[in-house]
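To start, the structure under review is shown below, and the notes come after it.
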Amino acid sequence: MAVCDLHLSQDNALEKMTSATVILPEGKAPGPFPVFYLLHGLSDDHTAWLRRSNVERYVERWPMIVVLPNGERSFYTDSRTNPRAAFETFIVRDLIGTVDQMFRTIPSREGRVIGGLSTGGYGAIKLAIKHPDMFRAAVSHSGAVAFASKPFGNDAAWKAEWEAVFGDDAPGGPEDIFALVEDADRTTMPAMRIDCGVNDFLIEDNREFHAHLETLGIAHEYAEYPGAHEWSYWDTHVQDAIAFFGRELGIKPHVENA
Numbered sequence: 001m002a003v004c005d006l007h008l009s010q011d012n013a014l015e016k017m018t019s020a021t022v023i024l025p026e027g028k029a030p031g032p033f034p035v036f037y038l039l040h041g042l043s044d045d046h047t048a049w050l051r052r053s054n055v056e057r058y059v060e061r062w063p064m065i066v067v068l069p070n071g072e073r074s075f076y077t078d079s080r081t082n083p084r085a086a087f088e089t090f091i092v093r094d095l096i097g098t099v100d101q102m103f104r105t106i107p108s109r110e111g112r113v114i115g116g117l118s119t120g121g122y123g124a125i126k127l128a129i130k131h132p133d134m135f136r137a138a139v140s141h142s143g144a145v146a147f148a149s150k151p152f153g154n155d156a157a158w159k160a161e162w163e164a165v166f167g168d169d170a171p172g173g174p175e176d177i178f179a180l181v182e183d184a185d186r187t188t189m190p191a192m193r194i195d196c197g198v199n200d201f202l203i204e205d206n207r208e209f210h211a212h213l214e215t216l217g218i219a220h221e222y223a224e225y226p227g228a229h230e231w232s233y234w235d236t237h238v239q240d241a242i243a244f245f246g247r248e249l250g251i252k253p254h255v256e257n258a
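Position one of the sequence shown corresponds to residue 1 (full-length UniProt numbering), numbered consecutively onward.
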């Protein structure tokens, strides 16, 4: 694989220069290639997956491009209070458009998937549900799936950060994925896979979301594994995401010569 930095000018929804990391397949295959958008968690940036996991090694046998955006602390949401923090619009319009222009991609829903960890897991599911014309499938690892659907407790700092992104949205609002799946068109619903560690502080939220999907009759994969909210867990199970996306995209890993 080859890794490169992608720098976007300030002519975008964020009105500032920003960066993403791109993992490109090597070899003689000319493409075009499907693209896997992989989102980081709340306290990280676009470099986290490469610094703290082996994702580059895991995808090297797969004919796909991986794009790692910088979502900052945005929840991958268009901020209700800051017009220069429109991160949902940035990803689905500006970043995807730039990637499709610069690389040999399959520039359609059939060649595009999205996944992430923690708030990135929430973002992946949300963006796929809100933009089913853009994404064929989504994966959430240890997803913060209920952050837009539950009260945030008595932590003043957390409340201020939440309100900076979601404003006065109440549970059931336009960023609440429990509500979004209720209203989603079943004929265009992206394939979904959700997993969480049994010792993760978000396990009950993930179980509730899984049960909600089952009640609605929405097909999805759900799995629980040993582990907590930590990189050793995500490093292991991003491999499951890659295999899941391979099946959904109809691609197979390269077979190395013996």
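Ideal Cβ positions, reconstructed from N, Cα and C, are used throughout, including at glycine.
All figures in this text were calculated on a predicted structure; none of them were measured in a lab.
Where in the segment 154–196 do unbroken runs of the beta strand (DSSP E), each at least 3 residues long, occur, reported from the N-terminal end onward?
Qualifying beta strand (DSSP E) stretches: none in this window.
Threshold first: 3 residues or longer. Then list the beta strand (DSSP E) segments lying entirely within the segment 89–129, N to C.
112–117
So what does ILE23 bridge to, in DSSP terms?
VAL3, VAL66
VAL255 vs GLU224 beta-carbon contact at 8 Å:
no
Pick from LEU68, ILE114, ASP205 that is closest to ASP5, judged by C-alpha positions
LEU68
DSSP bridge partner residues for PRO209 (one or two, in chain order)
The displayed chain sequence assigns Phe, not Pro, to residue 209. None, per the DSSP bridge assignment.
Taking only three categories from DSSP, how would you classify SER142?
Per DSSP, reduced to three states, the secondary structure at SER142 is coil, with no helix or strand assignment.
When the Cα atoms are used, what is the spatial distance from THR77 to PRO226?
30 Å
Among residues of its own chain, excluding the 5 on either side of THR119, which ones have a beta-carbon nearer than 6 Å to its beta-carbon?
GLY41, LEU42, PHE75, ALA144
Can you tell me whether DSSP reads ASP11 as helix, strand or coil?
coil
Just how far apart, CA to CA, sit TRP158 and THR81?
16 Å
For ILE2, count the other beta carbons within 10 Å of its own beta carbon; 16 or more makes it buried, fewer makes it exposed. Which is it?
For the record, residue 2 in the displayed sequence is Ala; it is not Ile. The residue is exposed, with fewer than 16 neighbouring Cβ atoms inside 10 Å.
Answer with buried or exposed for GLU175, where buried requires no fewer than 16 other C-beta atoms within 10 angstroms of its C-beta.
buried
Does the beta-carbon distance from GLU88 to LEU38 come in below 8 Å?
no
Quick one: what's got a C-beta closer than 7 Å to ALA258's C-beta in the same chain, skipping five residues either side?
Its pLDDT being 41, under 50, ALA258 is placed unreliably by the model, and nothing is read from it.
Which of helix, strand or coil DSSP assigns to ALA85:
Note: ALA85 maps to coil in three-state DSSP.
Leaving out the 5 sequence neighbours to the left and right, which residues in its chain are closer than 8 Å to ILE177 when beta-carbon positions are compared?
TYR122, ILE125, LYS126, ILE129, VAL145, ALA148, SER149, PHE209
Residue from HIS220, ASP168, ALA160 whose Cα sits closest to the Cα of ALA138:
For ALA138, the nearest C-alpha among the options comes from HIS220.
Residue nearest to GLU110 in terms of C-alpha spacing, selected from ALA29, GLY116, VAL35:
VAL35
In whole angstroms, what is the alpha-carbon distance linking GLY27 and ASP205?
GLY27 and ASP205: Cα-Cα distance of roughly 42 Å.
Just to confirm, are VAL165 and SER79 a CB contact at a threshold of 8 Å?
yes
If PRO25 and ILE65 are in contact, beta carbons under 8 Å, what's the gap, nearest whole angstrom?
7 Å
As a quick exercise: from MET17, VAL55, GLU248, PRO253, pick the residue whose alpha carbon is nearest that of LEU117.
Considering only MET17, VAL55, GLU248, PRO253, the residue with the shortest C-alpha distance to LEU117 is VAL55.
Find out if the Cβ-Cβ distance for the pair ILE251, VAL59 is shorter than 8 Å.
No, they are not a contact pair.
With a threshold of 8 Å on Cβ separation, who are the neighbours of ARG136 within its own chain once the five nearest residues in sequence on each side are excluded?
ARG109, GLU110, GLY111, ARG112, VAL113, PRO190, ALA191, GLU248, LEU249
In this structure, what does DSSP give as the bridge partners for GLU224?
CYS196
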